[in-house]
Each structure stands twice: as structure tokens, then as C-alpha cells.
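This note's numbering applies: residue 1 is where the sequence shown begins, and numbers increase by one.
Glycine included, each C-beta is placed from N, C-alpha and C at the ideal position.
Comments concern the structure below.
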Amino acid sequence: MEEEDWLKIGVAAHLSREYAADQREFLESLAQMLERALPGHTKVVRKGSLFSRNRPVKEVQVQLGDSRYTLHDPGHGALAAQRALIKWGIVLRADPLPVDDWIKELGDGLQEYAQHNQEAAGALRRLVG
1 MEEEDWLKIG VAAHLSREYA ADQREFLESL AQMLERALPG HTKVVRKGSL FSRNRPVKEV
61 QVQLGDSRYT LHDPGHGALA AQRALIKWGI VLRADPLPVD DWIKELGDGL QEYAQHNQEA
121 AGALRRLVG
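Pasting the structure below:
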């Protein structure tokens with residue numbers, strides 16, 4: 001297997017393990033990782049006011065090409081995942097996804113993006129160890 005294939009498998013596996021351990025901790029960890037690796041493509045929405053001590057992540061959005069991947073914490077129950085198709089700044093379609101499928105698709109998208117961006121590739125390599 002090539003290094004890119006191992007990176008792709010490693011990213012998806014790492015994200016799946018973190019999600020299985022603790023959903024809300026996973027959301028926080030994912031937000032921090034994506035903000036570092038893809039600052040221009042990531043938007044993180046936090047709960048609470050600007051001056052609150054504790055501002056947990058409410059939502060993470062990652063824009064990769066024509067796809068926007070969103071993971072949302074509704075406050076109770078499981079996290080909600082969505083993939084939206086965007087063209088010319090307009091959402092053409094938004095599909096809810098099971099979180100496991102969302103993780104796989106995000107991993108695929110990150111791996112593809114990392115093939116063309118060395119900084120992102122380095123951040124993903126550090127993530128999977």
C-alpha cells in the first residue's frame with residue numbers, strides 16, 4: 001500500500017476510535033485538529049457567550065471543494081452529521097449522514113486535499129502518529 005493509502009486509513013480509523021470513546025470529546029478534538037490543519041476551510045461554532053469560561057463546541061463545518069461537512073451537537077443524544085453540495089456559494093443539496101459514514105467521507109476528503117497541500121498532509125500525519 002502507498003503512503004497516501006495508509007494516511008487515508010489512519011485518519012478515518014483515528015477519527016472513528018475517538019468518536020466511539022466519547023462523542024462530545026471527539027467533537028472538541030476534531031474542531032481543534034481541523035482549525036490547525038485547515039484554518040481557511042474550517043468554521044467552529046461554540047456554545048456560550050464570548051466571556052464564558054467553558055465554551056464547548058456546538059458545530060464544526062469543513063469546506064472541501066464542493067462539499068461542506070457539518071457535525072453538530074444538538075445538546076442531547078447523538079451528534080448529527082450532514083454533507084452539503086455547494087456550487088457558486090449556494091447549497092444545492094444537504095444530506096444527513098450517519099456519523100460513521102460522515103467520518104469516512106471526511107477522511108476521504110481530507111486525504112484528497114492533503115495530496116495537493118503539504119501543510120495539511122503534515123498535520124494529518126501528526127494526527128495519525
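Could you give the residue range of the beta strand (DSSP E) that holds residue i?
{"i": "residue 71", "result": "67-72"}
{"i": "residue 38", "result": "Careful: residue 38 lies outside any beta strand (DSSP E) and carries neither H nor E."}
{"i": "residue 85", "result": "80-87"}
{"i": "residue 58", "result": "57-64"}
What is the residue span of the alpha helix (DSSP H) that residue i lies within?
{"i": "residue 110", "result": "99-114"}
How would you call residue i, buried or exposed, if buried means at least 16 neighbouring beta carbons within 10 angstroms?
{"i": "residue 121", "result": "buried"}
{"i": "residue 75", "result": "exposed"}
{"i": "residue 27", "result": "buried"}
{"i": "residue 115", "result": "exposed"}
{"i": "residue 40", "result": "exposed"}
Using a Cβ-Cβ cut-off of 6 Å (strictly less than) and excluding sequence neighbours within five positions of residue i, which residues of its own chain qualify?
{"i": "residue 119", "result": "none"}
{"i": "residue 45", "result": "58, 59"}
So, using beta-carbon positions, are residue i and residue j closer together than 7 Å?
{"i": "residue 48", "j": "residue 55", "result": "yes"}
{"i": "residue 130", "j": "residue 67", "result": "Examination of residue 130 is not possible in this model, given that the chain is present from 1 through 129 alone."}
{"i": "residue 80", "j": "residue 102", "result": "no"}
Please return the same chain residues whose Cβ sits closer than 7 Å to the Cβ of residue i, not counting the five positions on each side in sequence.
{"i": "residue 34", "result": "42, 60, 62"}
Can you name the residues that DSSP bridges to residue i?
{"i": "residue 94", "result": "84"}
{"i": "residue 46", "result": "57"}
Leaving aside the five residues before and after residue i along the sequence, list all residues of the same chain whose C-beta is less than 8 Å from its C-beta, in chain order.
{"i": "residue 109", "result": "62, 64, 65, 67, 69"}
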